[in-house]
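If you read the sequence shown in the numbering used here, its first letter stands for residue 43, the second for the next number, and so on.
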Amino acid sequence: MGNLGEAVSTAVERGPVSRAASAVHRKPGADARSPGDGHFTEATCLNCGTMLTGPHCHQCGQKAHLHRTIGAFLHDLLHGALHFDGKTWRTLPKLVFKPGELTRRYIDGERARFVSPMALFLFAVFLMFAVFQVIGLTPPTDIQTGDGVNTSLAEVQESLVAERELVAQEPADSPRFEEAQRRLAEIEQRLEAVAGTEELLAGGDGMATASTVKTGAAWIDKGLDKWRTNPGLMLYKLQANSYKFSWLLIPLSVPFVWLLFAWKRNFKAYDHAIFVTYSLAFMSLLFIVLSVLGMAGAPSRIVATATAAIPPIHIYKQMRGTYALSRFSALWRLGVLLAFVTIIVMLFLQILLMLGAY
């Protein structure tokens, strides 16, 4: 019996239970070797030192096999900056052609197979910013205010007066006298147009101008004054804020989607948030594609038709697949949701205008 007890004790000490218990106390990566090709040959987790029993560490979740190559760094760069990895190739086709199936499968628990809706949305926003900067689709910065227009009109008037005096000096017996008279008549008409424009800007017809509008609220008047004095800068800030605060569209949209299913207890706010975020990601990517096509010279009729037709069709398909709706249920909810979209966009623009005023 004594020999049997010693044998059992030795087996326990040398067994996998003992090795797993002692691995916690090992120095992380102590058994790892780097052959020099950018790959590790590891027996324990390089992060926490736990003995590895599979492709991932069961203690901290880190991958068992790691790379130390430039390719791995570029992969991390793409994934970190654009949230781009292999799952994107499985997610994008589903998002475009079967959005309802994608949303429902993600809600039901298939999280590792697809890109998360928030990561895809942030990828779309980042891509939109980069593409618009490359193709030059930015708001104008040389917008003239009332004072700038008055200055330009004064310069035009001065130039026309000088030209009129020069043309009037043409002698009557000159072969170019008739041409000079026609030119003189054109100059007089342009001077009259300039004078009429100056009267309009001065408020000569009794209408209030932007500089005289006062709401009584100091913070609103301050914002209006900024728009009047430098509209180009305010448009730039509006575009910049639309990128930075685009995530606000998600909390703004979820309550309106919830109203469409308020009496259905099996659909939670989480389901609506996933639906909204995937939908916004698709709309952002669609806007990028249509903008690039428009800048590339695609027929405006085709771009306009796609802009008007694709979003409601996509929302209908996504809603029907996500919530397992009949055609009629999906159609009437689509109509109501499109009306809600107008309210959501107006609220979002109001928030951006308020943020841009400070």
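Glycine included, C-beta positions come from ideal geometry on N, C-alpha and C.
Here the structure is a predicted model, which means the values were calculated and not measured.
Closest by C-alpha distance to L291, out of T364, L391, L108, R132, is L391. From the listed residues F115, D118, T92, I112, the smallest Cα separation to A106 is found for T92. In this structure, Y312 sits away from T145, with a CB-CB distance that is not shorter than 8 Å. When DSSP reads this structure, H98 sits in a beta bridge with K105. With a cut-off of 8 Å on Cβ pairs, the segment 298-315 is in contact with the segment 368-383, counting three or more such pairs. Distance check between L108 and each of K129, A85, Q101, T130 places A85 closest, using alpha-carbon atoms only.
Secondary structure at T86: strand, using DSSP grouped into helix, strand and coil. Scanning V157, V173, R153 for the CA closest to the CA of T133 turns up V157.
Selection W131, I112, L116, L137 evaluated against K359 yields L137 as nearest (Cα-Cα). Where A323 is concerned, the enclosing alpha helix (DSSP H) starts and stops at 311-337. Boundaries of the alpha helix (DSSP H) harbouring K359: 342-365, taken from the DSSP string. Boundaries of the alpha helix (DSSP H) harbouring T145: 141-149, taken from the DSSP string. Excluding the 5 residues flanking it on each side, L389 has same chain C-beta neighbours closer than 7 Å at L294, in chain order. Cβ-Cβ separation between P141 and F324: approximately 7 Å, consistent with a contact (criterion under 8 Å). Contact between F168 and L322 does not hold, since the beta-carbon distance rounds to 14 Å and is not under 8 Å.
Annotation: the continuous alpha helix (DSSP H) that includes L302 extends over 291-302.
A straight-line Cα-Cα distance of about 12 Å links I352 and V331. Boundaries of the alpha helix (DSSP H) around F165: 159-177.
Within the same chain, Cβ atoms closer than 8 Å to the Cβ of R155 are found at K129, R132, R147, the five residues on either side in sequence being excluded.
With a 10 Å radius around the Cβ and a threshold of 16 neighbouring Cβ atoms, Y285 comes out exposed. In this structure A227 is exposed. Its beta-carbon is surrounded by fewer than 16 other beta-carbon atoms within 10 angstroms. Non-local beta-carbon contacts of L394 in its own chain, meaning distances under 8 Å to residues more than five positions away in sequence, involve L280, N283, S284, F287 in chain order. By the Cβ-count criterion, L119 is exposed, with fewer than 16 other Cβ atoms from all chains shown falling within 10 Å of its own Cβ. A distance below 7 Å between beta-carbons, with the five flanking residues on each side excluded, links F171 to the following residues of its chain, in chain order: Y285. A350 and A338 have their C-alpha atoms roughly 19 Å apart.
Here M93 is bridged, per DSSP, to T86. Here R224 carries a helix assignment [DSSP, helix/strand/coil]. Of L397, F382, F174, the smallest CA-CA separation from P297 is found for F382.
When only Cα atoms are considered, M160 and T111 end up about 29 Å apart. Of all alpha-carbon atoms in A346, M361, M396, I355, the one lying nearest the alpha-carbon of F309 is that of M361.
For F115, the number of other beta carbons within 10 angstroms of its own is below 16, and it is reported as exposed. A Cβ-Cβ contact shorter than 8 Å links A166 with L327. Here the C-alpha atom of V173 lies approximately 12 Å from the C-alpha atom of L335.
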